[in-house]
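Chains A and B, in that order, are what the protein sequence lines are. Per the working numbering, residue 76 is the first one in the first sequence, and the count goes up by one each step. Per the working numbering, residue 76 is the first one in the second sequence, and the count goes up by one each step.
Number of protein chains: 2
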Amino acid sequence: MVDYVVYGRGSFNQLDEIIAPQRKEGKPMIFLVDHFFEGRSLINSIPLKGNDKIIFADVTFEPKTTYVDKLAKQLKDEFGAVSGIIGIGGGSTMDLAKAVSLMMNNPGSSADYQGWDLVKFPGVYKVGIPTLSGTGAEVSRTTVLTGPAKKLGMNSDFTPFDQIVLDPGLTANAPVNQRFYTGMDCYIHCIESLQGTYLNEFSKSYGEKALELCRNVFIKKEKWDNESDDQLMMASYAGGMSIAYSQVGGAHAVSYGLSYLLGIKHGIGNCIVMNHLGEYYPEAVKEFKCMVEKNKVEIPKGICKGLADEQFDSMINVSLGMKPLWENALGKEWEKIMTKEKLRALFEKL
Amino acid sequence: MVDYVVYGRGSFNQLDEIIAPQRKEGKPMIFLVDHFFEGRSLINSIPLKGNDKIIFADVTFEPKTTYVDKLAKQLKDEFGAVSGIIGIGGGSTMDLAKAVSLMMNNPGSSADYQGWDLVKFPGVYKVGIPTLSGTGAEVSRTTVLTGPAKKLGMNSDFTPFDQIVLDPGLTANAPVNQRFYTGMDCYIHCIESLQGTYLNEFSKSYGEKALELCRNVFIKKEKWDNESDDQLMMASYAGGMSIAYSQVGGAHAVSYGLSYLLGIKHGIGNCIVMNHLGEYYPEAVKEFKCMVEKNKVEIPKGICKGLADEQFDSMINVSLGMKPLWENALGKEWEKIMTKEKLRALFEKL
């Protein structure tokens, strides 16, 4: 679990006080901030002291192991050691901050640690401050990275943040489309885990609550207001907690293929896929389409048009490699249901 | 937050593996077990090693600071230091385990630390394993103790457990009345916090979920089964988390008076009081009475009969001293509403 959780509108203003006890003589706090905020007013509220540094994270694409390694090396070269890494941004920034923190104290490349419980040493102090709600990356035990061989997280007991600051005010100015795609990551998480074959009451309770909050925000409410930001931030948190004892499913497995080959970001990738999963999640896909319409959002189409056979194969291999996701979605006999041919036909529809 | 949470039916059997990394050469793990389990089969599943010791906790009354101090002294005298304290039982045992862990590393008496953020040093490794669901003590940042001067917890960042093991199988054989009273602690928490004046979306989300689970268990379900234990354990967890950013209210404030003077345990005390709070929580009291009837439970009556004036005054003083609870329940002007006379009349009805 994350050790310290602060939730509250305006709590970002307490950051100076929150991180103060973790500052070490001469070692800076590094604020890793989504490049979206470059030149925006949020930057002026960052409590810089001494040799603290802001680094704008390029999250045009999802985080790569090479980028994590480069950031960690840059910090080691410049400072030797740092007091902590504070990630401010969406899911990609959260994952980058966690990974860079770990790589400050672990040898080699982050690619060496893609998997389960491979990380050897705790990272430096790390704080997550989400500015988009939905991924659950602020509470998860992983940090999804695209490496030379795979898209897979550094899953370990050392991965969760030491502290998160959940200030719904920070999500208020997110671009509408991005907010929707990221929110749908949470919705789709919940559908996949609640309808999956892996589940217990812990994950069910969190998943149901997250789903209820998503429905309130994207279906019931007539307009976006502070309560929407408050509730979507809790939905993200609860959705992330729900994953502890459950698993995502088909939409995520297919979306991983898209992002591996085409660099499609996770939230929008999930939406592109969900649009075509009516056969597997009939009620939810109906509800999803309703939310798309109500929130006046475009879901891209035709993104696999003109791809070569080997490109389709590459996506299919990545996707079918996510065995636990398929097993959760379709049961132990999933390989009989989701064949290469069937998956190819699905990718072609996207 | 609690650092490590394991939830799952049968997870108690993983205890050996869970605590193994925390064992220190020559220093025992101390299993502080509710005396209810003396001679019962659970004891045989405790993974004793080396000089580990089982201590049966006398929880006939709620934990006293003198008892905490005595247990800590006994352990220091016998072992010097211990690897950890593992509490197995209901809320009283949870609180005792947390408090004894803290007093292994903090000087003086536990009474010195009743309050907020007075504890100076982390305790020894501590694990909470609830065998009754409802109090939320397994996740709380406090440990309610009756001291020479007050009933108040050791609230601190060092107080939460390092690890909890939530195994709903352990609650299966709880006495029906006790299970109900403890479950109602959660229900009453939620009513008080959701209808209170302190609340944010974090506490609201958890409180609503806990309430829904309580209703499912005590109203909707026709008979008690494994799902009831699963859900009530999650209700307790969510109810405990909800308290992070909210506050309990009138039932707790009055019940604290009862337990201070008469030693009435918290769960049953809350039920005795809730029965008479229709003026403040009309809908909830109706629902509460419904649950009492449906679950065929007796709520004691006439417990204040024949008390002397100074005894009433003592209870009234303890109760009115819980200012934040009353403010949460009745607003900033609570002192105009809940006068000494009004409270005396309420105590007389109990």
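Even for Gly, the Cβ is constructed at its ideal location relative to N, Cα and C.
Contact set between residue i and chain A, taken where Cβ atoms lie within less than 9 Å
{"i": "B/Y273", "result": "Result: empty, since nearest Cβ-Cβ is about 12 Å, beyond 9 Å."}
Partner residues on chain B for residue i, Cβ-Cβ distance less than 7 Å
{"i": "A/G83", "result": "N275"}
Short CB-CB distance (under 8 Å) between residue i and chain B
{"i": "A/K284", "result": "yes"}
{"i": "A/Y200", "result": "no"}
{"i": "A/A313", "result": "yes"}
{"i": "A/M309", "result": "yes"}
{"i": "A/V77", "result": "yes"}
Proximal residues to residue i (C-beta, below 7 Å), its chain only, five neighbours per side dropped
{"i": "B/A326", "result": "I263, E267, N345, V348, M349, L352"}
{"i": "A/S184", "result": "T140, D144"}
{"i": "B/L336", "result": "Q386, S389, M390"}
{"i": "A/D260", "result": "G209, T210, H341, G342, N345"}
{"i": "A/K195", "result": "N181"}
{"i": "A/Q97", "result": "S158, G159, Y200"}
{"i": "A/S394", "result": "A328, V329, Y331, G332, L418"}
{"i": "B/P103", "result": "G125, N126, D127, K128, F154, V157, S158"}
{"i": "A/H110", "result": "F131, A132, D133, V134"}
Per-residue contacts from residue i into chain A (C-beta, under 8 Å)
{"i": "B/D305", "result": "N275, E276"}
Nonlocal neighbours in the same chain, by C-beta distance under 6 Å from residue i, ignoring five residues either side
{"i": "A/L274", "result": "S321"}
{"i": "A/G211", "result": "S311, G314, G315"}
{"i": "B/L90", "result": "P122"}
{"i": "A/L241", "result": "Y82, M308"}
{"i": "A/L146", "result": "V175"}
Boundaries of the alpha helix (DSSP H) in which residue i is found, first to last residue
{"i": "A/G228", "result": "No alpha helix (DSSP H) holds A/G228; the beta strand (DSSP E) holding it covers 226-230."}
{"i": "B/T141", "result": "140-154"}
{"i": "B/I343", "result": "341-349"}
{"i": "A/I163", "result": "Per DSSP, A/I163 belongs to no alpha helix (DSSP H); it is in the beta strand (DSSP E), 159-164."}
{"i": "A/N301", "result": "301-317"}
{"i": "B/I412", "result": "409-412"}
{"i": "A/I391", "result": "384-395"}
{"i": "B/I94", "result": "90-94"}
{"i": "A/P357", "result": "357-369"}
{"i": "B/R419", "result": "415-424"}
{"i": "A/P399", "result": "398-405"}
{"i": "A/G332", "result": "325-337"}
Span of the beta strand (DSSP E) around residue i
{"i": "B/M104", "result": "104-109"}
{"i": "A/K201", "result": "200-205"}
{"i": "A/K128", "result": "128-132"}
{"i": "A/V219", "result": "219-221"}
{"i": "B/V81", "result": "79-82"}
{"i": "B/I378", "result": "Per DSSP, B/I378 belongs to no beta strand (DSSP E) and is neither H nor E."}
Contacting residues, own chain, Cβ-Cβ under 8 Å from residue i (five flanking each side not counted)
{"i": "A/V199", "result": "A156, V157, S158, G159, I160, S176, M179, N180"}
{"i": "B/L227", "result": "Q189, G190, V219, L220"}
{"i": "A/T246", "result": "P205, T206, L207, S208, R254, D304, L307, M308"}
Cross-chain neighbours of residue i in chain B, by beta carbon under 8 Å
{"i": "A/L288", "result": "S280"}
Below-8 Å beta-carbon distance, residue i vs any chain A residue
{"i": "B/M169", "result": "no"}
{"i": "B/Y320", "result": "yes"}
Contact list for residue i against chain E, beta-carbon separation under 7 Å
{"i": "A/V80", "result": "Absent here is chain E; the protein component of the structure consists of chains A and B."}
At which residue ranges does the segment 236-280 of chain B contain complete beta strand (DSSP E) runs of 3 or more residues, listed in the order of the chain? 238-241
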